[in-house]
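Colleague:
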Amino acid sequence: MDLLTPSVGLLFWMSLIFIVVFIILLKYGFTAIVKMVNERKLFIDDSLRKAHEANEKLTNIQKEGESILQEAREKQAIIIKEAAATRDSIIEKAQQKAREEGARIINEARVEIENEKQAAISDIRKLVATLSVEIAEKIMREKLGDDNSQMELIDRMLDGVSSKE
Numbered sequence: 026m027d028l029l030t031p032s033v034g035l036l037f038w039m040s041l042i043f044i045v046v047f048i049i050l051l052k053y054g055f056t057a058i059v060k061m062v063n064e065r066k067l068f069i070d071d072s073l074r075k076a077h078e079a080n081e082k083l084t085n086i087q088k089e090g091e092s093i094l095q096e097a098r099e100k101q102a103i104i105i106k107e108a109a110a111t112r113d114s115i116i117e118k119a120q121q122k123a124r125e126e127g128a129r130i131i132n133e134a135r136v137e138i139e140n141e142k143q144a145a146i147s148d149i150r151k152l153v154a155t156l157s158v159e160i161a162e163k164i165m166r167e168k169l170g171d172d173n174s175q176m177e178l179i180d181r182m183l184d185g186v187s188s189k190e
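Under this note's numbering, the first residue of the sequence shown is numbered 26, with each subsequent residue one higher.
1) Which residue comes first and which comes last in the alpha helix (DSSP H) that contains S92?
2) Compute the Euclidean distance between the alpha carbons of A97 and K82, then round it to the nearest angstrom.
3) State the DSSP-derived secondary structure class of S32, mapped to helix, strand or coil.
4) Give the secondary structure of D184 by DSSP, where H, G and I count as helix, E and B as strand, and everything else as coil.
5) For D171, name the three-state secondary structure that DSSP assigns.
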């Protein structure tokens, strides 16, 4: 029956040992455990704070990246507009130059055509004059084939010259 009910001496010594162990643990063990728990708590709090800061920095970096990307898009749009304006300007200048060159070529062609026309008219006049002289010569030969006709013509010409004076 001693096994189920401990004796008073055993309870005394067990209580004494428990109190001594509890005091030792209270003095040395619990302070070390509490210190370790507090250090662990501080480490976890510090880690959470650093994680929160890292998350904020990541958010800021993402915002900066988005703003840089937006700025790059705006600059790209400006460059594209400038390139389009430059292209349109170059095309307009090329068209204007082509119009001017076309007008110059047309004017040169007109001048050349006018010169050719004048040359053709001059050639025709010379040809008409030559033909007129030849025809007049043939007619004169036919009409003035005898001496009487020639004398009449000379008399008429002298009368015309003397009446003008």
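Backbone N, C-alpha and C fix where the C-beta goes; we use that ideal spot for every residue, glycine too. Remember, it's a predicted structure, so these values are computed and weren't measured experimentally.
Modeller: Let me spell this out:
1) For the purposes of this step, residue 92 is taken as the residue at position 67 of the sequence shown. Counting along the chain, the alpha helix (DSSP H) containing S92 begins and ends at F55 to K168.
2) Position 72 of the sequence shown holds residue 97. Position 57 of the sequence shown holds residue 82. The alpha-carbon atoms of A97 and K82 are separated by roughly 22 Å.
3) Counting from one through the sequence shown, the residue named residue 32 turns up at place 7. DSSP places S32 in coil when its eight states are reduced to three.
4) Here residue 184 refers to the residue found at position 159 of the sequence shown. Correct three-state label for D184: helix.
5) In the sequence shown, the residue the question calls residue 171 occupies position 146. In the structure shown, D171 sits in coil (DSSP, three-state: anything other than H, G, I, E or B).
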